[in-house]
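> Input: one structure, supplied below.
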Amino acid sequence: MSQRVVLVTGAAGGIGKCVAELIDKKKYKLRLMIRSKTNKKQTDAIGSFGEIVEGTLDNFEGLKQVFAGVDTIIHLAGVPDANATWESLRAANIDGAYNVFVAARAAGVKRVVFASSIHAISGSPRDFQAKTNEPVNPGDLYGVTKCFGEALARYMAEQEGLSAIAVRIGAFQPHASARKEDGGLWMMDAWLSQRDCVHLFECCIDAPADLKFAIVH
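Mapped onto full-length UniProt numbering, the consecutive letters of the sequence shown carry residue numbers 1 to 217.
This is the structure we're talking about:
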């Protein structure tokens with residue numbers, strides 16, 4: 001069985017590096033997208049795990065080129081700041097997400113796994129266990145951009161024929177850090193280990209080909 005080609009955007013970020021390191025290399029051939037190969041620190045950190053390619057979210061034609069021949073995209077790139085202003089979020093999290101999805105379809109990619117966030121539902125009470133079929137309830141503008149990404153993923157799946165899965169990532173950080181953070185109990189409830197996060201992405205890649213759209217926690 002040939003390896004599936006999986007491209008990871010934001011491959012030099014915290015989650016991206018973890019995916020690059022821990023994902024099953026026997027099953028997947030990785031293409032790791034970073035903004036510039038001239039950043040030696042980034043290339044040294046992930047270069048041994050897959051092919052390094054350059055790409056920026058604002059370069060639609062460039063995205064189509066690096067997406068050519070890819071089976072699945074794990075879209076992690078963006079601004080991951082819950083305190084960010086709309087001006088600082090819009091280019092990467094709104095326009096950039098749009099470019100990734102549309103370029104993926106144009107390049108013949110079969111599936112996009114979109115890194116959403118629990119911030120899409122962070123406006124809910126902290127003791128509330130959200131289900132994926134309930135309305136979104138963002139508690140900050142970052143969460144609003146993730147709601148947009150989920151809606152865009154649904155549109156691309158239903159109207160454009162691109163399989164899309166949105167993963168609402170929780171508190172991805174060392175276990176001790178989650179305990180020490182402000183609101184530690186909530187952070188522990190939302191904590192997501194590196195191993196579980198990568199396994200979740202693997203399950204999304206391997207989900208049946210006829211799966212049109214899903215949101216997973």
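Even for Gly, the Cβ is constructed at its ideal location relative to N, Cα and C.
These figures come from a predicted structure and were not determined experimentally.
(1) Whole angstroms are fine: how far does the CA of Asp-24 sit from the CA of Arg-90?
(2) For Ala-77, does the three-state DSSP call read helix, strand or coil?
(3) Tell me which same chain residues have a C-beta within less than 6 Å of the C-beta of Thr-56, skipping the five on either side of it?
(4) By Cβ distance, which residues of its chain are closer than 6 Å to Gly-16, with the 5 residues on each side in sequence left out?
(5) Can you check which of these residues, Thr-72, Thr-43 and Val-19, is closest to Pro-208 by C-alpha distance?
(6) When we look at the beta-carbon of Glu-150 and count the other beta-carbons within 10 Å, is it buried (16 or more) or exposed?
(7) Taking DSSP's pairing of strands, which residues face Met-156 in a bridge?
(8) Give me the Cα-Cα distance between Ala-176 and Ser-193, rounded to the nearest whole angstrom.
(9) The beta strand (DSSP E) spanning Leu-7 covers which residue range?
(10) Assign Cys-197 to buried or exposed, taking buried as 16 or more other Cβ atoms, counted over all protein chains shown, within 10 Å of its Cβ.
(11) Inspect the beta-carbon positions of Leu-63 and Asn-99 and report whether they are closer than 9 Å.
(12) State the Cα-Cα distance for the pair Gly-108 and Gly-123, rounded to the nearest angstrom.
(13) Can you give, in chain order, each stretch of the beta strand (DSSP E) that sits fully within the region 90-155 and has at least 3 residues?
(14) If we count the other Cβ atoms within 10 Å of its Cβ and call it buried at 16 or more, is Pro-125 buried or exposed?
(15) Would Lys-146 be called buried (16 or more neighbouring beta carbons within 10 Å of its own) or exposed?
(16) When the Cα atoms are used, what is the spatial distance from Leu-200 to Gln-129?
(17) Based on the DSSP output, what are the partners of Leu-32 in its beta bridges?
(18) Determine the DSSP secondary structure at Ile-215, reduced to helix, strand or coil.
(19) Give the secondary structure of Leu-162 by DSSP, where H, G and I count as helix, E and B as strand, and everything else as coil.
(20) Mind checking whether Ile-118 and His-217 have CB atoms under 9 Å apart?
(21) Can you list, in chain order, the residues of its chain with a C-beta nearer than 7 Å to that of Ala-157? Leave out the 5 residues immediately preceding and following it.
(22) For Ser-116 and Ala-166, I'd like the C-alpha separation in whole angstroms.
Put simply:
(1) Going from the Cα of Arg-90 to the Cα of Asp-24 covers about 33 Å.
(2) Three-state DSSP puts Ala-77 in coil, outside helix and strand.
(3) Answer for Thr-56: Arg-35, listed in chain order.
(4) Same-chain partners within the cutoff: Val-8, Gly-10 and Leu-76.
(5) Distances from the CA of Pro-208 to each of Thr-72, Thr-43 and Val-19 were compared; the closest alpha carbon is that of Thr-72.
(6) That one is buried.
(7) None, per the DSSP bridge assignment.
(8) Caution is warranted here: a pLDDT of 47 is assigned to Ala-176, below 50, making its placement in the model unreliable, and the coordinate value is therefore given only provisionally. One C-alpha to the other measures close to 11 Å.
(9) Per DSSP, Leu-7 is one residue of the beta strand (DSSP E) stretching across 4-9.
(10) Burial call: buried.
(11) Yes.
(12) Answer to the nearest angstrom: the Cα atoms are 36 Å apart.
(13) Within the region 90-155, the complete beta strand (DSSP E) runs of at least 3 residues are 111-117.
(14) Exposed is the call here.
(15) Here Lys-146 is buried. Its C-beta has 16 or more other C-beta atoms within 10 Å.
(16) Distance between the alpha carbons of Leu-200 and Gln-129: 19 Å.
(17) Leu-32 has Val-8 and Ile-52 as its beta-bridge partners, per DSSP.
(18) When DSSP states are grouped into helix, strand and coil, Ile-215 belongs to the strand group.
(19) DSSP places Leu-162 in coil when its eight states are reduced to three.
(20) Yes. Within cutoff.
(21) So the qualifying residues of the chain are Ser-163, Ala-164, Lys-212 and Phe-213.
(22) One alpha carbon belongs to Ser-116, the other to Ala-166, and they sit about 6 Å apart.
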